[in-house]
Amino acid sequence: MLGMTAVTLVAILTTGYIALWAAGDSLRVQREAMAATLAASVSRSVAADWASHGQGTAADKRASLRSVLRSLHESTGAIGLSVLDMDRGEIASWPPRRDGDRDAIVLSTALAGGPPVVNYRQEPHGRETELLAYAPIEVAGQLSGAVRVTIAAAEPTQAVLRRSGWVLLLLAIADALLVLGLGLFVLTQLVVRPLGQLRRATAAMAAGDLEPRIPEDGPKEFAALASAFNQMTVSLAVQREQIIRTEKLASVGQLAAGVAHEIGNPLAAILGYIDILRADAAGKGELPPAERQDTLDRVKAETQRIHRIIRELLEFSRPSHEEPVATDARRVVQSAQALLAPQSRFRDVRLVLAGGESWPRVLVSPGRLAQVLVNLLLNAADAMAGKGTIVVTCEEAEGKVVLTIADEGPGVTPENQRKIFDPFFTTKVVGQGTGLGLSVSRSIVESFGGTLEIAPFVEGQGAKFVLTLPRGEGAWRCS
Ligand code: ADP
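Residue numbers for the sequence shown follow the numbering used here, beginning at 10 and rising by one.
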């Protein structure tokens, strides 16, 4: 806006001064023409006076000339009128001359005949300039001398120009202020305000608000931009949901393979028990009642085991609500543990929950946190090749709850640490890893306002993932 104001100011001043200069120039030309006309008319009067005193004495001629000049001086308003002879000597002047003639060249031109000539002369002690006009005097077709008419050159031209200059300057300043004020108002309303909304929305997105909306009003272009932004956030949110779901289904797939394997044993046992009972029924009840009861109890226990495993898997695979609620993190770790326990790759893995019996509550979506933990625990079990201890600890730090998941695997090298949170980065063989687990887990945790990091690599210490989560509201400790 300041730039625009400066440009306006410069533009108005430049055009204004050019216009003033042109006006001043034309005034000057007019004034010169007027002086020349005046000189010509004075010359005619003097010639007429000389002609009427053809045979008079020089003193008579001079006295008559003076009275002619005097009356012309009164009627024309000139500063001075003089009559000069062919030798440039002054014959008569009105008012009486004040200084010598310094216009020798111009005077010679006039004495050579032809149209009047003009020249400017600076007053010895003043700023004002005088305009001198010379016209030859012809008496009976013969050049007999010249008249000099002196008028003020500056007035009124320069005074008018000076006044106009000030008006121009004031106008330019007023215009510049108008441009500045109006421009600022228009710019703020039409550009700055919508841009501010866009900036706040993008900042909110960066801070984890995944669907900020901007009002779709204001100028057409900004309304279109706001609408495009709103559509983009909606479609980003949908895509994000799809990626989270895809990754979850990949985990479900892995778990389902383990489950299928796991329920094979109880199913085989159930079939065995059913065969025993059928044989018993065919042989009309040879089994003692207690043994029959025991066989039926075993069938029930095995069926319940299968039921539990499948229920947990179904529970996990259900789409979970995203709304964060105060959640018992320990219970979520335990449910992940229950889900993973039947997996053959977890058979030789020990999961230790450190940090006491009661953990602080965290403000998360329990289903989503379970997805993150299942992913971290599966990765840990894979890194340890299904054998070792995973320690999950919980502590409070700086108003946040910090969960760490440490395993006894080879750890993640500093070079890979930079890449593991990138989507599709995996070191697993094709079909075993999507490379989405950690990137999706991080985006889930960030949507709660938390962070997911990996601790710096220490040779021989395994990998340690650090989950920082916001504390749940209300009671900090769960009972
Ligand atoms: P995926 O498990 O499908 O490969 P992730 O994003 O979950 O995808 O993991 C990316 C990569 O990070 C893994 O392929 C593995 O190389 C590395 N990684 C993850 N967790 C661990 C861990 N606990 N120990 C060693 N490496 C790990």
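We put the beta carbon where it would ideally sit given N, CA and C, even for glycine.
Would the C-beta of residue i count as close to the ligand ADP, meaning under 7 Å from any of its heavy atoms?
i, result
"isoleucine 429", "yes"
"serine 260", "no"
"serine 448", "yes"
"leucine 305", "no"
"glycine 442", "yes"
"lysine 396", "no"
"glycine 292", "no"
"valine 381", "no"
"threonine 436", "yes"
"aspartate 289", "no"
"valine 421", "yes"
For residue i, report the span of its alpha helix (DSSP H) as first-last.
i, result
"alanine 49", "11-61"
"serine 91", "It is not in any alpha helix (DSSP H) - serine 91 instead sits in the beta strand (DSSP E) that spans 89-93."
"alanine 235", "229-291"
"threonine 304", "298-326"
"arginine 209", "202-215"
"leucine 199", "Segment: none, leucine 199 is in no alpha helix (DSSP H) and carries neither H nor E."
"alanine 9", "Nothing about residue 9 can be read from this structure; the chain reaches only from 10 to 488."
"arginine 427", "From DSSP, arginine 427 is part of no alpha helix (DSSP H); its letter is neither H nor E."
Flag this pair as yes or no: are the beta carbons of residue i and residue j separated by less than 8 Å?
i, j, result
"isoleucine 463", "valine 421", "yes"
"valine 92", "leucine 74", "yes"
"arginine 130", "leucine 116", "no"
"serine 173", "leucine 29", "yes"
"phenylalanine 433", "glycine 440", "no"
"alanine 183", "leucine 219", "no"
"alanine 338", "cysteine 403", "yes"
"threonine 85", "leucine 120", "no"
"isoleucine 146", "valine 38", "no"
"leucine 322", "valine 261", "yes"
"alanine 232", "leucine 18", "no"
Specify, as a first and last residue, the run of the beta strand (DSSP E) that residue i falls within.
i, result
"glutamate 417", "Here glutamate 417 belongs to no beta strand (DSSP E), and DSSP marks it neither H nor E."
"glycine 397", "396-406"
"isoleucine 146", "138-148"
"alanine 335", "334-337"
Is residue i helix, strand or coil when you go by DSSP?
i, result
"leucine 362", "strand"
"serine 488", "For serine 488, the predicted model reports a pLDDT of 33, less than 50, meaning its position is unreliable; a value from the coordinates is still stated below. It is coil, neither helix nor strand."
"glutamine 352", "coil"
"glycine 481", "coil"
"alanine 155", "strand"
"alanine 161", "strand"
"serine 102", "strand"
"serine 456", "helix"
"proline 221", "coil"
"aspartate 497", "The shown model of the chain, from 10 to 488, leaves out residue 497, and the question about it has no answer."
"proline 369", "strand"
"lysine 70", "helix"
"leucine 461", "strand"
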